[in-house]
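Scroll down for the structure; my scribbles are underneath it.
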Amino acid sequence: MRTRSLSTAVVLGALIAPLIIGTPALAATDDPLTLSDDMNRTVSRGLGSSAAGVTYDAVPAASFSVAGGVAKLAPIASGATATLRPRAVSLTDATQSVVFTLPTLPKSGSGVYLSLQSRLTAAGFYQVQVRVDPRGVVLLETLRVNGSTQTSLGHVNVPELRVKPGVPLTLETRITGSSAVTIDARVSATAAAPGAGWKLSVADKASARLTEAGRTGARVYVSRSTPAQAVAFDDLRITENVSAPTTPTAPTTPTAPTTPTTPTTPTTPTTPTVPTTPTTSSSMPAWDLTGSRIKPGAAVPGATSYAVPAGAVFVNAAATAAGTGTAASPYSTLQRAVTASPAGSTIVVRGGTYHENVTVPAGKRVTIQSYPGESVWLDGSEKLTGWKASGTAWYVSGWTHDFDSTPSFTKGEADGTAAGWRWLNADRPMAAHPEQVWIAGTPLREVGSLAQLKAGTFFTDTAADRLYIGSDPGKGEVRASTLTKAMSVRAEGTVIRGIGVRGYATSVWMMGAVTVEAPKTTFENVALYDNASTGLFVGAADATLKNVTVARNGLMGIGANYADRLKVTGLLAVENNSEGFNSSPVSGGLKIAKSQTFSVTDSAFLRNNGPGLWTDQSVSDIDIARNDFAYNTGAGVFLELSHRVDFVNNLVLNNQGNGVKINNTGSVQMWNNTIVGGNRTVNIVQDSRSALDPSVPGHDPRRPLGDPGMPWLIKDITIGNNVIAQSSGNCTLCVEDYTAKYTGAQLNIISNGNVFQRTTATNPSWLVIWSRGSVNPNPAIYTSLSAYSTATQQDKKSVSVDARAVTGANGALLPADAAAFAAVPMAPTSAVTGLLGTTQARLGAIFP
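Just so you know, full-length UniProt numbering puts 274 at position 274 of the sequence shown, and the rest follows in order with no gaps.
Here it is as structure tokens:
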């Protein structure tokens, strides 16, 4: 059944043309136009009434106003929502569109969510939403909301659309059907044609689907991590779908992140008859891969199919404690299986959640893998019930967990006081406290007192054994971390594959939720996220990490020390340092120290709070190739106190710190990289730290003092065939020796065959900074390529472009420039052609 205000429909159908000027048209149909409101009126509070008599429920009314043909929403506070719903409109099948404008982009945090809602009844509603983050990056998602349960039906990135302040965008959605509810959606720049077909199409066949007629509306939500945000909107349009919808020409069906290659599917193993076969579903988020040329990371738990060998040991969380480890009588815990199994065993874990801390002891080499097609999680959290209201808060009694909050790698040590050695940021004083709480999968932030408690936060009252939360526990399942460590691997040759690790309250000094403490360990298709400090720590030689995901861990994704010959490939490190520690002494995606021979390839480091990749304290013989470093708050790549680095075919895109920082690191080959944005795009710096001074932190004690293989000197650096663009700092290529000992020539820094680009001829004002050594402690400043090249004899083949972009939004060199600059690049040296995969002279990173 469909109902709507008849008088409104008749008036609108007679008076309003089917195309609103300035708004991309919906597909032409014979469907009746139910509502069209261009906001041409003046209202100081609320939305008033349109010329056709349309009125609204606007909440909060005081935040809405209309003037100048646009409805305005006053700044909505962090964590707050505003909604508008036309009265007397109730539809089953409908097409809607609205124009949103952000006067400013979100300043920080997860951003603002702009939505259209359909079939809104007491049973729930469907919602198509656009998330816009502080960079203007767009994520389009479709949700079904049933009471307090929110289900994501699919999402897709929209890399071709980058939102700009004051520039409107149009959100459109269409909903049809009942046995299968189809929801189509797209978002586009209002001034542009929306393109053929829908950007996102989903079909909801679940028993909880919504099939009845319901209200429609628009919604704005500001993330709790984002400051108050104003929004404008216009041209709300609703059409009742009566005619059959046309099939979109190019829908993009959302999928889980692309599954990395897994071993050949085995013949189907014997299925145990008891206990009941576990669920194969996974609740791992689908990570936003904006800024990455590739799709790295772990397969979704449940998507791998590792062969089950004869004699395998079985584990099932649903089994009884009396199990013997056979397929028919599995062990009930993973630790019991490890303890009971002989070295060399393969332990196959059936789908389910395992709330335990597992130690693989020395001498007990095992392979631990998921059962084919089943989702396995080590989960450090538990569901909490029995909440009691207390004023504006809620608490649960019997909370006896009091985790260690040492802000250091040494238990009990106080925070540092010297610059660069303070772990805690004054704005995030609770970062080192490992307690974690989620409501319906959304994390709450810990506060230090009951007086500070508010919505979106929690407080642990250890004296009263109570856990307080400031948000209604009736809004979804409440979980809290109750275990500190997931796994300690102490047996050489151990293999872990096809599992997920989440929700552990790991103290900083514990080094990681999972720690590798023995050589020759392999992790493959392992996902570690939402752990309180570091996800994975590698502290032994010859480890291999293949298709691993580390995400939203409190301090770092991966830490490594004395990890000689560490090989990383297919890694996804995203949104780590979620607790907001200072960037130094450690933070971000991956930091490795005191290690010899390290490679990271075909990986992505995205939106980490700190550097994407950081090598420090005497790391040598490094290959960094075919990786993406995008939107990190620190440097995309930080090479510090290291030596012998091949940095080849990497995309370094829009990081807030330096694009690439090379600090007291030499023998670097930088070939065929695209480095766009950052405060100083390429920053090469020599400071006063000496490899000959044993009092300076950063020495590897296994190396002799003054080791010629670790000189801590920015010498012998080659920069060839790179695109270096859009510096937000004061220079594009910066070479500085703060000790005033060496000129650029004495350091043997060679640069040629590159493209340099500036936003304008004076932004940044300096194209190149070049060290003059003892001749003049102040470096030379060059505002043009010709002046720099004449003075230094560098970059004779290179070109410089001002006042226009040479790369697209994804960092790829524009085709016209690739053709125009075909003669610029040089033939790559034999030292890097293996990593580059070609001997051809070409510019920048290679895009698929």
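Ideal Cβ positions, reconstructed from N, Cα and C, are used throughout, including at glycine. These numbers come from a predicted model, not from an experiment.
Just the Cα atoms here: how many angstroms apart are residue i and residue j?
i	j	result
Arg-565	Thr-83	55 Å
Gly-744	Ser-690	19 Å
Leu-444	Ala-831	49 Å
Gly-109	Asn-655	15 Å
Thr-681	Gly-580	24 Å
Ala-486	Thr-460	22 Å
Gly-720	Leu-73	50 Å
Gly-612	Phe-638	8 Å
Leu-590	Ala-560	8 Å
Thr-276	Thr-121	Note on Thr-276: pLDDT 37, under 50, position unreliable in the model; no value is reported.
Pro-361	Trp-198	54 Å
Ser-765	Arg-804	15 Å
Val-349	Gln-229	47 Å
Phe-64	Gly-588	40 Å
Lys-411	Ser-595	23 Å
Lys-520	Val-128	47 Å
Asn-672	Glu-413	44 Å
Gly-386	Thr-149	19 Å
Val-163	Asp-184	21 Å
Thr-211	Asp-234	28 Å
Ser-688	Leu-713	10 Å
Cys-734	Val-685	8 Å
Using beta-carbon positions only, say whether residue i and residue j come within less than 8 Å of one another.
i	j	result
Thr-190	Pro-165	no
Gly-398	Asp-465	yes
Met-826	Gly-709	no
Ile-294	Asp-646	no
Asn-553	Glu-524	no
Gln-369	Ile-238	no
Thr-506	Thr-484	yes
Arg-497	Val-526	yes
Thr-739	Leu-767	no
Leu-116	Thr-34	no
Gly-147	Val-132	no
residue 865	Gly-634	Since the first residue of the chain shown is 1 and the last is 848, residue 865 is not available in this structure.
Leu-835	Asp-623	yes
Asn-241	Asp-472	no
Gly-291	Ala-630	yes
Looking at the structure shown, is residue i part of a helix, part of a strand, or coil, going by DSSP?
i	result
Thr-279	Since pLDDT at Thr-279 reaches only 36, below the 50 mark, its modelled position is unreliable, and the value read off the structure follows with that caveat. Thr-279 falls in the coil class under three-state DSSP.
Gln-840	coil
Ala-71	strand
Ala-819	helix
residue 851	The question about residue 851 has no answer, for the chain in this structure spans 1 to 848.
Arg-336	helix
Ala-827	coil
Val-696	coil
Trp-509	helix
Leu-656	The sequence given here has Gln at residue 656, not Leu. In this structure, Gln-656 counts as coil in the three-state DSSP scheme.
Ala-735	Just to set this straight, residue 735 is Val in the shown sequence, not Ala. Correct three-state label for Val-735: strand.
Tyr-395	strand
Val-832	helix
residue 854	Limits of the chain in this structure are 1 at one end and 848 at the other, which puts residue 854 out of reach.
Lys-388	strand
Pro-473	helix
With DSSP as the reference, please indicate the residues paired to residue i in a beta bridge.
i	result
Gln-229	Ile-76
Ser-118	Tyr-126
residue 856	Because the chain here runs from 1 to 848, residue 856 falls outside it and cannot be looked at.
Leu-139	Arg-131, Asn-157
His-433	Partner(s): none; His-433 has no beta bridge.
Glu-382	Ala-480
Arg-772	Thr-743
residue 849	It is not possible to answer for residue 849, since the shown part of the chain is limited to 1 through 848.
Below 8 Å on the Cβ atoms is my contact criterion, and I expect residue i with residue j to pass it. Report the Cβ-Cβ distance as a whole number of Å.
i	j	result
Ser-408	Trp-287	Ser-408 to Trp-287, Cβ: 30 Å. No contact.
Leu-555	Arg-479	20 Å between Cβ atoms; not a contact.
Gln-335	Val-358	5 Å
Ile-76	Val-181	Wrong, their Cβ atoms sit about 29 Å apart, outside the cutoff.
Ala-327	Phe-314	5 Å
Thr-544	Gly-512	17 Å between Cβ atoms; not a contact.
Thr-665	Leu-641	7 Å
Against chain D, does residue i count as a neighbour if the rule is that its beta carbon must be under 8 Å from one of theirs?
i	result
Thr-81	Here there is only one protein chain, and chain D is not present.
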